[in-house]
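Below is one structure, written out as structure tokens; comments come after it.
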Amino acid sequence: MDRIIGIELPAPHLKGDVSIEETLTQRRSIRSYSDKALSLNDVSQLLWAAQGVTSDYGFRTAPSAGALYPLEIYLVAGRVTGLESGVYNYRPATHSLVQTIGSDRRNELYRAALSQSQVKDAAVDIVIAADYSRITGKYGDRGIRYAYMEAGHAAQNVQLQGVSLGIGTCPVGAFDDEKVANIMSLPASQDALYILSAGYF
Ligand SMILES: Cc1cc2nc3c(=O)[nH]c(=O)nc-3n(C[C@H](O)[C@H](O)[C@H](O)COP(=O)(O)O)c2cc1C
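Add 141 to the 1-based position in the sequence shown for this note's numbering, that's all there is to it.
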């Protein structure tokens, strides 16, 4: 039987020193990073920004059509203090990670993303995937559009949170879907929609 590695993340900070206006003004797509490893606190914060639970009813940092939450967030970890390199699935309900692959996948991801160097140079890549079946039951094909919109919400949250932590991020939409799904060993029900490379700069 496979070993399941679950990692409880540090609790997210709910207050910061940078205003929303400052994060909006300073947000840029950053493609060069320092070699410094990201702290687990900062990784926790980025994942929380993407899909963290912020209400007793399970509502999250990003809106979701019908609160059906079709998105799955994955962390492709390379340089994170105290975290083994590998691929992890973010679990919003418990603010935790479950390891799905036990080795660094940034290089393969970089090749699948048309050799865009920020994907391999990043300390981590955050991959936003969607399981359309969670939303098309209610909304039909329009649910697919909603999932794309939700990925945009989540990605913007990550970029803005990154600004407030001194973390540069770059949204990456140009990649080979099938290769990314294989590299990440995504379940057949999930499609990769978006990659965000991230690191201190
Ligand atoms: C849907 C989408 C896909 C993108 N894909 C890529 C990409 O594959 N590679 C990349 O370097 N930047 C990508 N970008 C970032 C844009 O190039 C960037 O947002 C644009 O140049 C404006 O710069 P700014 O984000 O710094 O304001 C993408 C942006 C969006 C919204």
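Note that CB positions come from ideal geometry on N, CA and C, so glycine has one too.
These numbers were taken from a predicted model, which means no experiment stands behind them.
To the nearest angstrom, how far is it from the Cα of residue i to the Cα of residue j?
i    : j    : result
M142 : Q240 : Because M142 carries a pLDDT of 49, less than 50, the predicted location of this residue cannot be relied on, and the following value inherits that uncertainty. About 14 Å.
A296 : L337 : 7 Å
A218 : D266 : 7 Å
L306 : E213 : 23 Å
G278 : G284 : 8 Å
S205 : S256 : 32 Å
P153 : Y215 : 17 Å
S173 : W189 : 23 Å
Q300 : A322 : 23 Å
T195 : R201 : 5 Å
G281 : Y287 : 10 Å
Per DSSP, which residues does residue i bridge with? Please list them.
i    : result
T310 : S170, A339
D332 : A271
V194 : R201
V217 : V228, D266
I276 : For I276, which the question treats as bridged, DSSP gives no partner whatsoever.
Whose C-beta lies closer than 7 Å to the C-beta of residue i among residues of the same chain, with five residues either side of it excluded?
i    : result
Y289 : L334
S237 : G147, I148, E149, L150
D318 : D332, A333
R220 : A178, L179, A264
S330 : D272, S274
I171 : G309, T310, C311, F342
Have a look at the options and flag the residue whose alpha-carbon is nearest the alpha-carbon of residue i.
i    : options                : result
S258 : A191, I308, V159, A315 : A315
A203 : N298, V159, G243, A322 : N298
L224 : D183, G193, Y280, S170 : D183
A208 : R275, R286, G340, K320 : R275
G199 : P233, A253, I308, G303 : P233
S160 : R247, Q302, A339, K320 : Q302
Q192 : H294, T310, A322       : H294
Looking only at its own chain, which residues have a Cβ that is under 6 Å from the Cβ of residue i, when we skip the five neighbours before and after it?
i    : result
G243 : G227
Here's a check: name, in chain order, each residue in its chain whose Cβ is nearer than 8 Å to the Cβ of residue i, leaving out the five neighbours to either side.
i    : result
A292 : L212, I269, A271, L334, Y335
Practice item. List in chain order the residues whose CB is within less than 5 Å of at least one heavy atom of ligand 1. Key: R169, S170, P312, V313, G314, A315
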